[in-house]
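Structure, as structure tokens:
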Amino acid sequence: MSDEDKSSKTEEPTEKKLRDARKKGDVPQSRETGTAMLVFALLMILVFVLPSSVGGIVEALQAPLLEAGVTAIGTGGTGLVEAGSVLKSLGFTLGLAMMPVVGIMVLAALFGVLIQGETVVSAERIKPKISKLNPLSGFKRLFSAEAFVEFAKNTVKVLVIGFITVWAVRDIAQSLGQTQAFVPETLLAATLQKVRWIFLVTATFLVPIAIADIIWKRAQWKKKQMMSLKEIRDEHKDGCQRGPDKPDPLRRRAEI
């Protein structure tokens, strides 16, 4: 699209233009929302689920080892059935212990999608397009404003999260020099506390990035849907040919 074509798109998109875009799956989507919700879900697991579930997981893994001397497993088909029974019991126990983890991850993923507004499932987005193989189009996308924003955003995330992690690891290493921290019973708790702190600060940092990214994506999407007067007239002509009851979008804009 030439600069002249872009400059001519000064009109707000019509309802039909927005509706057609949604049918094609062309809706604003932010990846940062999913990233922030993933980190937040991991934080919830570390704070609320892990302390109560780790005991059940350890007991489930210990049970086959503790009962290895009294568990009889034969040979042939009988042995396979008996081994399957042991594995089934282990899998069931681990499954119950992991259900809260899976539930939190699923809820976080759904919330990360729903919080962005309208969600559209369209096969149009996964269809192969020849235009995506055009080197010139790929070059333009690589050096576009959106690509620059993505690069700057990812760079800031890597630097900040890297600094947080290095600071926490350094603090843990310094605490190892203390006599109490060397005790295995306290070392795990101290390390887990630092890991929780890392996820808390990271989640707090990612939330404003996700909000800003949603606003940016919506603005870019709205700009992409802008129309020229010619496109509005053509759409109106097409609507008049299909049915006389549809309102004139140009007249509706003038009334507004």
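In our numbering, the protein residues as written are 16 to 271.
The beta carbon of each residue, even a glycine, is placed where N, CA and C say it ideally should be.
So residue 64 and residue 116 are in contact, right, with Cβ under 8 angstroms, and what is the actual spacing, rounded? Taking the sequence shown and counting its residues from 1, the one referred to as residue 64 is at position 49. Taking the sequence shown and counting its residues from 1, the one referred to as residue 116 is at position 101. 6 angstroms between Cβ atoms; contact.
Helix, strand or coil for residue 27? Go by DSSP, reduced to three states. Along the sequence shown, one-based indexing puts residue 27 at 12. Here residue 27 sits in coil by DSSP.
In terms of residues, what are the limits of the alpha helix (DSSP H) holding residue 176? If you number the sequence shown from 1, residue 176 lands on position 161. Start and end: 160 to 190.
Between the Cα of residue 220 and the Cα atoms of 206, 242, 237, 175, which residue gives the shortest distance? As a first step, residue 220 is located in the sequence shown; it is residue number 205 there, counting from the start. For residue 220, the nearest C-alpha among the options comes from 175.
Extent of the continuous alpha helix (DSSP H) run through residue 52: By one-based count along the sequence shown, residue 52 stands at place 37. 46 to 59 is the extent of the alpha helix (DSSP H) around residue 52.
Quick one, are the C-beta atoms of residue 54 and residue 217 less than 8 angstroms apart? As a working mapping, residue 54 is identified with position 39 in the sequence shown. As a working mapping, residue 217 is identified with position 202 in the sequence shown. Yes, they are a contact pair.
From the DSSP output, in three-state form, read off residue 120 for me. Working through the sequence shown from its first residue, we reach residue 120 at position 105. Three-state result, residue 120: helix.
With H, G and I counted as helix, E and B as strand and the rest as coil, what does DSSP make of residue 242? Indexing the sequence shown from 1 puts residue 242 at position 227. Correct three-state label for residue 242: strand.
Taking the straight line between their C-alpha atoms, what separation do you get for residue 204 and residue 99? On the sequence shown, position 189 is the one that residue 204 refers to. On the sequence shown, position 84 is the one that residue 99 refers to. Their Cα atoms are separated by approximately 36 angstroms.
Cα-Cα separation between residue 225 and residue 50, rounded to whole angstroms: As a first step, residue 225 is located in the sequence shown; it is residue number 210 there, counting from the start. As a first step, residue 50 is located in the sequence shown; it is residue number 35 there, counting from the start. One C-alpha to the other measures close to 8 angstroms.
Determine contact between the region 20 to 40 and the region 206 to 213, defined as no fewer than three beta-carbon pairs at a distance below 8 angstroms. no
Give the single residue among 114, 112, 164 whose Cα lies nearest to the Cα of residue 227. Taking the first residue of the sequence shown as 1, we reach residue 227 at position 212. Closest option to residue 227, Cα to Cα, is 164.
Buried or exposed: where does residue 114 fall if 16 or more other Cβ atoms within 10 Å of its Cβ makes it buried? The residue labelled residue 114 in the question sits at position 99 within the sequence shown. With fewer than 16 other Cβ atoms within 10 Å, it is exposed.
Spatially closest choice to residue 190 from 206, 178, 179, by CA coordinates: Numbered from 1 along the sequence shown, position 175 holds the residue referred to as residue 190. Of the candidates 206, 178, 179, the one whose C-alpha sits nearest the C-alpha of residue 190 is 206.
Quick one: residues in its chain with C-beta nearer than 6 angstroms to the C-beta of residue 67, no 5 flanking neighbours on either side, listed in chain order? The residue given as residue 67 occupies position 52 in the sequence shown. Here the set comprises nothing.
Just how far apart, CA to CA, sit residue 17 and residue 177? Within the sequence shown, numbered from 1, the residue matching residue 17 stands at position 2. Within the sequence shown, numbered from 1, the residue matching residue 177 stands at position 162. Only weak support exists for where residue 17 lies, its pLDDT of 49 falling under 50; the coordinates are left without a value.
Quick one: residues in its chain with C-beta nearer than 7 angstroms to the C-beta of residue 180, no 5 flanking neighbours on either side, listed in chain order? As a working mapping, residue 180 is identified with position 165 in the sequence shown. So the list reads 213, once near-sequence residues are dropped.
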